[in-house]
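Numbering (this note's numbering), first residue to last: 127 to 287.
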């Protein structure tokens, strides 16, 4: 098989996998409308939160632009849409003082908003698991940057939905 044919096969496989992931999510009610509402509700609660609100207010100048990017991000995560490009790890590493307390609060707000929207428990569990994985990854990356490999070994107690 030629290299061009191999690339085409890989592309077709990726397209099929994306379509399957999106279909699975949409079968649970996780469609673009759900994602949009989830992002809007979640960031509305973030903006009024005593702990997280000031951190976001200091960094987000244009909320409509930020919300549009977060919708792209979550569609990429939940539908494998591939439409988000950015470096969330670098953005979060640049925020001084972020700790497990901040990520725990982020997850608590995220879970509360998911439960308020819940129509399908499987959807809640799936989205919550992805959010927790993201929080864990960001927290681990920040800890490694600050503390080296020892930061990776720290026991964490991030909440589950």
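We put the CB at the ideal spot given by N, CA and C, even for glycine.
Keep in mind it's a predicted model, so treat the numbers as computed, not measured.
Rounded to a whole number of angstroms, what is the C-alpha to C-alpha distance between residue i and residue j?
i: residue 129; j: residue 136; result: 10 Å
i: residue 179; j: residue 173; result: 4 Å
i: residue 210; j: residue 236; result: 20 Å
i: residue 204; j: residue 168; result: 16 Å
i: residue 148; j: residue 242; result: 23 Å
i: residue 219; j: residue 127; result: 44 Å
i: residue 216; j: residue 185; result: 14 Å
i: residue 269; j: residue 212; result: 20 Å
Could you spell out where the alpha helix (DSSP H) holding residue i opens and where it closes?
i: residue 211; result: Counting along the chain, residue 211 falls outside any alpha helix (DSSP H), and DSSP gives it neither H nor E.
i: residue 234; result: 226-243
i: residue 193; result: 189-205
i: residue 294; result: Outside the shown range of the chain, which is 127 to 287, sits residue 294, and nothing can be said about it.
i: residue 155; result: Careful: residue 155 lies outside any alpha helix (DSSP H) and carries neither H nor E.
i: residue 185; result: 179-185
Could you give the C-beta distance for residue i and residue j, rounded to a whole number, given that I count them as a contact under 8 Å?
i: residue 261; j: residue 287; result: Wrong, their Cβ atoms sit about 12 Å apart, outside the cutoff.
i: residue 154; j: residue 249; result: 4 Å
i: residue 285; j: residue 224; result: At roughly 17 Å, the Cβ-Cβ gap does not stay under 8 Å, so residue 285 and residue 224 are not in contact.
i: residue 263; j: residue 201; result: The Cβ separation is near 18 Å, so there is no contact.
Could you tell me which of the options sits nearest to residue i, measuring between CA atoms?
i: residue 230; options: 270, 282, 161; result: 282
i: residue 272; options: 221, 259, 251, 245; result: 221
i: residue 140; options: 165, 252, 206; result: 206
i: residue 160; options: 246, 274, 138, 267; result: 246
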